[in-house]
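*Asks:* For the record, the sequence lines run as chains A and B. Number 121 in the working numbering belongs to position 121 of the first sequence; there are no gaps in the numbering. Just add 1000 to the spot in the second sequence (first one is 1) and you have the working numbering. Think of the CB as a built atom: it goes at the ideal place given N, C-alpha and C, for glycine as much as any other residue.
There are 2 protein chains.
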Amino acid sequence: MAKVNVGKKILNANDTYALKNSELLAHHGKRCFNMISSPGSGKTTLLVRTISDLAGAIKIGVIEGDIQTDIDAQRIRATNAPAIQIITEGACHLSAAQVHQALQKLPLDNLEIIFIENVGNLVCPSAFELGEDGKIVVLSVAEGDDKPAKYPAIFAKSKVLLVNKIDLLAAGALIDFDLERVKTDARRLNKSIEIFPVSAKTGEGMIAWYDWLKGQLARK
Amino acid sequence: MAKVNVGKKILNANDTYALKNSELLAHHGKRCFNMISSPGSGKTTLLVRTISDLAGAIKIGVIEGDIQTDIDAQRIRATNAPAIQIITEGACHLSAAQVHQALQKLPLDNLEIIFIENVGNLVCPSAFELGEDGKIVVLSVAEGDDKPAKYPAIFAKSKVLLVNKIDLLAAGALIDFDLERVKTDARRLNKSIEIFPVSAKTGEGMIAWYDWLKGQLARK
C-alpha cells in the first residue's frame, strides 16, 4: 500500500510542474516536444540535423536529459542552438520539475520550438508528463520491427513516430526489418500517430518531418 | 524523505528474494546470468544462437522478461530450450520475486545455465539484483560508441560486455562506431569486464563467448 500511495504522490507533484510548464509555454506562445527512445536510436543526431537544416526557418532550443555527461548538449551547442543540460545522476527519466528549472534558463523569447531530449529509455519516460505539446518517439531500424508490440505505452501516447536510420535498410545491411509491420502495430495502438521514416545521417525523409514541424508552428 | 524510505524498503524486499534465488541456484549447482540491454540490441537473437550452437554441450534454460507479449519466449522455445515468460505489464525491470516464481517452473535438474533476459532497458534493471552469478550487458554497435560513458552503471556492474551486430561494421553501413572507445570506456568503469565483439546473426566472435560460458561451468 505504501508503495502505491507514494507513487501517486510523486506523480501528482510531477503533474503540478507539468501544468506550470504547459502554462509557461502557452503564455510565451512556444511549442514543446518531448523526444523519447531507447539509447542510441539517434535522438541527438536527429536534433542536430533538424536544427541545422531549419536554421533561418525555425528557432529551436533544446533541453537535454542524460544520466551522466553533457556529450549531447555539447553536440547541440555546436549548431549554435541553446541547450540546457539536465544530468539525472541515475534517474531513468526527466521530471517536470527538472524541465521547469531548465525552461527558466532558456532564452524563450528568441525560440519557437523547444525539444526536450529525454533520457534514453523506451519505458519510464512515457509515464511522466513534462508539460509538452506532444511526445515524439524515435525507433531505429536496428532495434527491430517488434518494438511497438513489445513496448506499447510510448507508441500509444506519441504524436509522431520517427523511424530512424533507414540508410541501414538501403545499404542492405539489415534485411529483416519490416517497416509495414511497425506502421501497422503503431497505428493499432494509436490511430492518429504520424509516422516518418527518416535517416538523420543521409537526410532521406527529413523534409516530411520538417513540414510537420512547420505545420505545428502554424497552429500555435 | 518518504520517497527515499519506501525506495529502500522495496530494494530490501527485492534483495531478500535475490538471496533466496542465489541460495536455490547454489543448492542445485546451477549458473545464472542476468542479461541487460536497451530494446533491440539483440538479446533474444544472441540467446537463440547460443542455445542452438551449444546444443549437446551446455543445457540452457531461459527466464524471459517483457513488458508485453511472449514473442521472445516463443523464439526461445523454438530451439527446444525451456523458457518461462514473465510479463511485467509496464514495469521497467524484473524483480527478484518474479524470478523466484519463474525458477520454480523451470526443470532445474535438467539445466546447467539459466539466462534471465531482462526487460529492454539500459537503466533500471541494473539497480535490481536477481540472485544471479553475474550480469551480462549487451550493446549493439548501432547504438553508438558513447553508451558506456552515458549509461555507466550497468557497464560498471557487469561481468561481460557483448558488443553485438558487428556485421553492420563489416558491411560498411556503420563507419562511425569506435570499438576501442567502447573498450576503453567500459574498462575505465570496470577493470575486470570481459568484452566480446560478436554478431549473433553471422556467428562471428561467438566462439570466444562460448568458451567463457564453458569456463563458468568448470568453476561451479
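What beta strand (DSSP E) runs, 3 residues minimum, are completely inside the region 1053-1119 of chain B?
*Replies:* Here the runs fully enclosed are 1060-1066, 1083-1087 and 1113-1117.
*Asks:* With H, G and I counted as helix, E and B as strand and the rest as coil, what does DSSP make of Ser1126(B)?
*Replies:* Of the three classes helix, strand and coil, the one that applies to Ser1126(B) here is helix, per DSSP.
*Asks:* Use the C-beta contact count for Gly144(A): other C-beta atoms within 10 angstroms, 16 or more gives buried, fewer gives exposed.
*Replies:* Looking at its Cβ environment, which holds 16 or more other Cβ atoms inside 10 Å, Gly144(A) is buried.
*Asks:* Between the region 1178-1188 of chain B and the region 1066-1079 of chain B, do three or more beta carbon pairs fall short of 8 Å?
*Replies:* No: the two stretches stay apart, fewer than three of their Cβ pairs being nearer than 8 Å.
*Asks:* Within a Cβ cutoff of 7 Å, which residues of the same chain sit near Ser52(A), ignoring the five residues on either side of it in sequence?
*Replies:* Cβ neighbours of Ser52(A) beyond the five flanking positions: Thr79.
*Asks:* Say whether chain A places a C-beta atom closer than 8 Å to the C-beta of Met1001(B).
*Replies:* For Met1001(B), the pLDDT reaches just 37, beneath the cut-off of 50, and the residue's location in the model is therefore unreliable, leaving the point undetermined.
*Asks:* Measuring CB atoms only, is the region 143-163 of chain A touching the region 94-113 of chain A, in the sense that at least three cross pairs come out at less than 8 Å?
*Replies:* They do not touch, by the three-pair rule.
*Asks:* Under three-state DSSP, which class holds Val138(A)?
*Replies:* Strand, per DSSP.
*Asks:* Can you pull out the residues from the region 136-164 of chain A whose beta carbon lies closer than 9 Å to at least one beta carbon of chain B?
*Replies:* Cβ contacts with chain B: Leu139, Ser140, Val141, Ala142, Glu143, Gly144, Asp146, Lys147, Ala149, Lys150, Tyr151, Pro152 and Ala153.
*Asks:* Are the C-beta of Ala171(A) and some C-beta of chain B separated by less than 8 Å?
*Replies:* So, interface residue.
*Asks:* Could you list which residues in chain B have their beta carbon closer than 8 Å to that of Pro107(A), in chain order?
*Replies:* Within 8 Å Cβ-Cβ: nothing; Pro107(A) doesn't reach chain B, min ~26 Å.
*Asks:* Measure how close the beta-carbons of Phe1128(B) and Asn1014(B) come, nearest whole angstrom, since I'm counting them as under 8 Å.
*Replies:* Indeed, because the Cβ distance is near 6 Å, the residues count as touching under 8 Å.
*Asks:* Just to confirm, is the Cβ distance from Val138(A) to Gly29(A) under 8 Å?
*Replies:* No, the pair does not count as a contact, with Cβ atoms beyond the cut-off.
*Asks:* To the nearest angstrom, how far is the alpha carbon of Lys1159(B) from that of Ala1208(B)?
*Replies:* If I take the Cα positions, the gap works out to 14 Å.
*Asks:* So what does DSSP say about Pro197(A), is it helix, strand or coil?
*Replies:* Here Pro197(A) sits in strand by DSSP.
*Asks:* Taking only beta-carbon atoms, is Asp66(A) less than 8 Å away from chain B?
*Replies:* Yes, Asp66(A) counts as interfacial toward chain B.
*Asks:* How about Glu1112(B) and Ile1036(B): do their beta carbons lie closer than 8 Å?
*Replies:* Contact: no.
*Asks:* Taking beta-carbon pairs under 7 Å, can you tell me which members of the region 31-54 of chain A lie near chain B?
*Replies:* Those residues of the region 31-54 of chain A that come within reach of chain B (Cβ to Cβ, closer than 7 Å) are Ser38, Pro39 and Gly40.
*Asks:* Could you tell me if Val1004(B) is buried or exposed, where buried requires 16 or more neighbouring beta carbons within 10 angstroms of its beta carbon?
*Replies:* Low confidence applies to Val1004(B): its pLDDT is 43, below 50, so where it sits in the model is not reliable, and the reading given next is rough at best. So Val1004(B) counts as exposed.
*Asks:* Between the Cα of Cys1124(B) and the Cα atoms of Ile1154(B), His1100(B), Leu1108(B) and Glu1194(B), which residue gives the shortest distance?
*Replies:* Among Ile1154(B), His1100(B), Leu1108(B) and Glu1194(B), the Cα nearest to that of Cys1124(B) belongs to Ile1154(B).
*Asks:* What is the rounded straight-line gap between the Cα of Met1001(B) and the Cα of Gly90(A)?
*Replies:* Interpretation of Met1001(B) is limited by its pLDDT of 37, a score under 50 that renders its predicted location unreliable; the figure taken from the coordinates is listed afterwards. Using only the alpha carbons, I get a separation of about 18 Å.
*Asks:* Please look up how many angstroms separate the CB atoms of Leu1054(B) and Tyr1210(B), rounded, as I've assumed it's under 8 Å.
*Replies:* Their Cβ separation, rounded to whole angstroms, is 6 Å, which keeps Leu1054(B) and Tyr1210(B) in contact under 8 Å.
*Asks:* If you draw a straight line from the alpha carbon of Asp72(A) to that of Ile1193(B), how long is it in whole angstroms?
*Replies:* Distance between the alpha carbons of Asp72(A) and Ile1193(B) is about 26 Å.
*Asks:* Listed in chain order, which residues of the region 1109-1125 of chain B have Cβ atoms closer than 9 Å to some Cβ of chain A?
*Replies:* Going along the region 1109-1125 of chain B in chain order, one finds Val1119, Gly1120, Asn1121, Leu1122, Val1123 and Cys1124 with a Cβ nearer than 9 Å to chain A.
*Asks:* In chain A, which residues lie less than 7 Å from Gly1090(B) when you measure between Cβ atoms?
*Replies:* Within 7 Å Cβ-Cβ: Ala153.
*Asks:* Could you spell out where the alpha helix (DSSP H) holding Ile154(A) opens and where it closes?
*Replies:* Per DSSP, Ile154(A) belongs to the alpha helix (DSSP H) from Pro152 to Lys157.
*Asks:* Any beta carbon of chain A sitting closer than 8 Å to that of Leu1189(B)?
*Replies:* Taking Cβ atoms only, chain A never reaches closer than 8 Å to Leu1189(B), which makes this a no.
*Asks:* Which residues share a DSSP beta bridge with Ser37(A)?
*Replies:* Ser37(A) pairs with Val138(A).
*Asks:* With distances taken between CB atoms, is the gap from Phe166(A) to Ser199(A) smaller than 8 Å?
*Replies:* Contrary to the premise, residue 166(A) reads as Ile rather than Phe in this sequence. For Ile166(A) and Ser199(A), yes; Cβs fall inside 8 Å.
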